[in-house]
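Residue numbers (our numbering), protein chains in the order written: chain A, 38 to 394; chain B, 938 to 1232; chain C, 6 to 274.
The beta-carbon is built from N, C-alpha and C at its ideal position, and this holds for glycine as well.
Written out below as structure tokens is the structure these notes cover.
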Amino acid sequence: MSATAHPTTDVPPSTGSTAVPASPPSSSRRRGLLGALPPAVVLVVLAFVPFFLAEDPTNILTRILVFGLFAVSLDLLVGITGLPSLGHAAYFGVGAYTAALVADHWTPSAPTPVLMAAAAGAVAAVLTGWLAVRSHGVFFLMLTLAIGEITSQLALQLDDVTGGSNGMSVPSVRFGSEPFDADFRIAYTYWYVLVVFVIAFAAMWLIARSPFGLALRGIRDNEGRMRSLGYTPFRYKYVAYVLAGGFAGLAGGLFAQVNRLVSPVDAGFALSAITLLALVLGGAGTLWGPVLGMAVVVIVRDYYGPDLNGHGPLVLGIVFVIAVYVLPRGFAGIAGLLRTPRRRRDRSIVPGEERAA
Amino acid sequence: MADWFDANLVSILNGFAIGSLLFILAVGLSIVFGMMDVLNLAHGALYLVGAYLAYSLLDGGATWGAFLGALGLAVAFGLVAGGTLSVMTEPLAKRPILDQALLTLGISLIVAEVLSIIYGNDVYRIGAPPGLDGSVSVAGNTYPLYRLVLIGIGLVLAVVVWLVMERTSIGALVRAAVADREMVSAMGIDNRKVKIGVLAFGSVLATVAGVLGGPVYGVRPGLDETVLLLALIVVVIGGLGSIKGALIGAMVIGQVDSLGRALLPELASFILFGALALVLVLRPQGLFGPKKVAA
Amino acid sequence: MSDGLLELSGVTRSFGALTAVDGVDLSVPVGARHALIGPNGAGKSTLFKLVTGSMPVSSGTVAFDGSDVTRLSEPARARRGISQTLQHSSLFLSQTVERNVLMAAQRRPGGSRHSLLPRRQRAARDRVHELLTDVGLAGRSHALVSALSHGERRQLEVAVALACEPRLLLLDEPAAGMSPAESARLVGLLKALPDTVTLVIVEHDLDVVFALATSVTVLHLGKLLLTGTPDEVRASSAVQEAYLGTGREALFLDGPASLDVSRPGMEVG
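Here it is as structure tokens:
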């Protein structure tokens, strides 16, 4: 009878015996270097953009980075943790107003306003997230929607502080006591945004790949099983919600400093909606996909918007409907299809598992 | 107390009028929600379609013919829209709930934009049909008759919906499906047909609410979002799929909104959302929602 | 209270008028290999859920390692060392095999805090590799779970459950749907577990039960019918009657020869 036992079971599993090397370290390191190549190339190209792009496209790219950062923070929530928020713009708005107030009343010197914005976004998420994260499914959708609307209503009504529907103007960014040189203002603003974007993106990318990030994916895929493994999903979801709120606040703070005008629309449902569109377009759960998705959205809305007589939302609505059908995993899905067709087929057996809550 | 009541009677009546309208909207949203797990974010856009229909037909003169014509067109449009929504969301039924919500969001963006292309960005007033456009005296206050009629319609509809839900086999089916979504297919009923029926019913309620609300609230771009949000709050407070919850939630929100604006204008929104937060802290599933939703 | 690792007293669970588990008293000592058998609907799976905490008891107490855990949540009980495999596959379908096990292995017993930065997690990964080798999935560690066969998923379930470093391991029909070779391997793996892991197993395949168990509890209609050694249970007329009532008279006709776990043909629904 003992013959049926597998030889390796002679070692009691719970003792955690000697290491079994998973793969030769050198090959994994080479793969890591190869994997780091595309982001490095993209980063270098982005760094030199102001030297070869005109001012208008540079401005658009600045906006793409700002809203792209916001989209990544939403992806941390929707794609990684499986919490489909319809009101994430609330934290963007809180960040934007905080940065505006800090720049106005305290100092416009980078990076104080954006750091305060990130803190304010996180605090707002601490206060509201407790309520939202307790709920599930459609209830979560509705609660987050309400949180977003409350925030933009607040911005509208507290007009002593926020300027109401007229919004608030924001002093231009300074480094130390120096404002940006007027001739190169657009380029400097771009670099400032790029630096913040890269740092924040790297932070979120690391979080998504950390043990904590793996736990978040586990909760997204199968919350019940996580509970039986000894995880308390609420805590993880709450922390993820607060982190996402903090990064959204950071993006909002950047927006305030770049746009130099903050109004209640910037905390409203429309922003949450187009950002979700960016996730659908780019592929939720990949972090980089939503940035590409946001690029499309910003270009349609801000660049071609004037040519569409202000009916950019019509185009976005149509893109939205089409994207939901034909791009279940977004641009990232297409990229995955090109790179590893077999893996993609395996995944498609369980469509939805990737994002299901 | 009597003095206070007297002084705020108009606000209280206004609250009931808003409540009636919200009830009509929220019932549709709540049933679609509770039965089909579809968060229909196009619900507000459908209301807007109804309101613009009323504006188009009543602009040339507020006649009964035009008013009833608008109602008829609203019903027809609602049926078609509900069927279309049902067919469009069907391929996404197995996908995460967010995908269906996003689809309806995209549709609502398109509908709202098309309406703003047709009607521009102006705010329009809509006249009440003849005979209802005057005012009456209620305990010494003059009050628009049409709003009283709207309250009446809301109450009648509440009774009708209650009777349908409690006394008919369709109502039994709806209740069973809200309690346990597997039930519909387990009973051997074609889920798709039920879905078309439910979404058509919900959409008709939204477009009809648009026509009915027109003479009170007029019509303007962005009204869809306001209306959708209020209806969602009603559903959250009342509980998913609960008719009683929708009625009580709608009346509470109507009063909070109306009295809040009259008594504490600068705090109105806070009170509204404070009420929402309070209910959710105490009863995450809403006042009358099934327990499992919050589990 | 005696000094069993798991002590159930008067554990009851009702669903409306139906009482699925009815006043069960059970003591499982440290190191036991305890089997829970009974006809379908006897309340075995419900009893498991009451022990793990995924379902609250209607009345009665559940004690683990000398302390009352009746009011503790499922994650809290899991952190004390209660682990399980579920009757229906419950894995993380969009993740690789390796990550499924890592999900359990990265959570150290007692703790639940996790780094926000990537870690090599060398110890946890080694442990994962070792477990995957044990259950026979070493070659599949980078496959997605959605690409695994049914039998492979069951094996993975066991690896995930063991990765929690459980003190009490509850196995709900671990061999269901496995080939005879696969279930033989499973029995071997379970037999080789150290005494620090206490096993409670629900299984319809009595070959597996009698190959593993040192004590057997028979549940019938939510009530505890009998607890004893495998031989006592086999000899009990009450047990035979419980099974006879549901038309499974052939179950106990085999002698000790049925310990040959690789023999096919003994599986019952």
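- According to the DSSP secondary-structure assignment, Ile-42/C is paired through a beta bridge with Val-223/C.
- For Met-972/B, the three-state secondary structure derived from DSSP is helix.
- The beta-carbon distance between Leu-137/C and Asp-258/A, rounded to whole angstroms, is 19 Å. This is too long to meet the 8 Å contact definition.
- Put simply, the CB of His-125/A is far from chain B, with every gap to its CB atoms at 8 Å or more.
- If you draw a straight line from the Cα of Val-1164/B to the Cα of Tyr-225/A, it comes to about 43 Å.
- Each residue's CA atom was taken as its position, placing Leu-231/A and Phe-85/A some 11 Å apart.
- In summary, the residues of the region 153-184 of chain A whose CB is separated from some CB of chain B by less than 8 Å are Leu-168, Arg-171, Ser-172, His-173, Gly-174, Val-175, Phe-176, Leu-178, Met-179, Leu-180, Leu-182 and Ala-183, in the order they occur in the chain.
- The beta carbon of Asp-139/C is closer than 6 Å to those of Leu-194 in its chain, skipping five residues each way along the sequence.
- For the C-beta of Ala-83/C, the chain A residues within less than 7 Å are, from N- to C-terminus, Ser-265, Leu-266 and Gly-267.
- Beta-carbon to beta-carbon, Gly-330/A and Gly-158/A are separated by about 21 Å, too far to satisfy the 8 Å threshold.
- Unbroken beta strand (DSSP E) runs of no fewer than 3 residues, entirely contained in the region 1009-1091 of chain B, are found at 1072-1075 and 1078-1081, following chain order.
- By the rule that beta-carbons nearer than 8 Å mark a contact, Leu-251/A touches chain C.
- Annotation: Cβ neighbours of Pro-350/A in chain B (cutoff 7 Å, chain order): Leu-1046 and Glu-1050.
- Residue range 11-20 is occupied by the beta strand (DSSP E) that includes Ser-14/C.
- The beta carbon of Tyr-341/A does not come within 8 Å of any beta carbon belonging to chain B, so the residue lies off that interface.
- In terms of Cα proximity to Ala-277/A, the closest of Leu-83/A, Asp-112/A, Pro-75/A and Arg-100/A is Asp-112/A.
- With a beta-carbon spacing of about 6 Å, Met-972/B and Val-1115/B fall inside the 8 Å limit used to define contacts.
- With respect to chain B, the C-beta atom of Phe-306/A has a partner C-beta closer than 8 Å.
- In this structure, Leu-120/A is the residue among Leu-193/A, Leu-120/A and Trp-143/A with its C-alpha nearest to the C-alpha of Phe-176/A.
- Only residues of its own chain outside the window of five on either side were considered, and among them none has a CB closer than 7 Å to the CB of Asn-296/A.
- A direct Cα-Cα distance of roughly 29 Å separates Ile-117/A from Leu-1219/B.
- If you check each beta-carbon in the region 1183-1210 of chain B against every beta-carbon of chain A, the ones closer than 9 Å belong to Glu-1203, Leu-1204, Ala-1205, Ser-1206, Phe-1207, Leu-1209 and Phe-1210.
- One finds nothing in chain A with a Cβ atom closer than 7 Å to the Cβ of Ala-982/B; even the nearest lies about 10 Å away.
- When Cβ-Cβ separations below 8 Å define contact, Gly-354/A makes contact with chain B.
- Residue contact check for Asp-112/A against chain C: no CB pair falls below 8 Å.
- Using a Cβ-Cβ cut-off of 7 Å, Ala-109/C is close to Leu-266 of chain A, given in chain order.
- Proximity to Ala-216/C across His-225/C, Leu-230/C and Ala-197/C peaks at Ala-197/C, based on C-alpha coordinates.
- At a cut-off of 8 Å between C-beta atoms, Leu-55/C does not count as an interface residue with respect to chain A.
- Listed as beta-bridge partners of Pro-1202/B by DSSP are no residues whatsoever.
- The contact set of Gly-289/A on chain C, defined by CB atoms closer than 7 Å, is empty, because the minimum CB distance reaches about 22 Å.
- Counting only Cβ-Cβ distances below 7 Å, Gln-100/C has contacts in chain A at Arg-254 and Asp-258, in chain order.
- At a C-beta separation below 8 Å, Gly-261/A has these neighbours in chain C: Ser-59 and Ser-95.
- The three-state reading of DSSP puts Thr-1105/B in coil, since its state is none of H, G, I, E or B.
- Among the CB atoms of chain A, none fall inside 8 Å of the CB of Pro-235/C.
- By the Cβ criterion, the region 34-44 of chain C is in contact with the region 216-227 of chain C, since at least three pairs of Cβ atoms, one from each stretch, lie closer than 8 Å.
- Contact check between the region 124-135 of chain A and the region 305-319 of chain A: three or more CB pairs, one atom from each, fall below 8 Å, which counts as touching.
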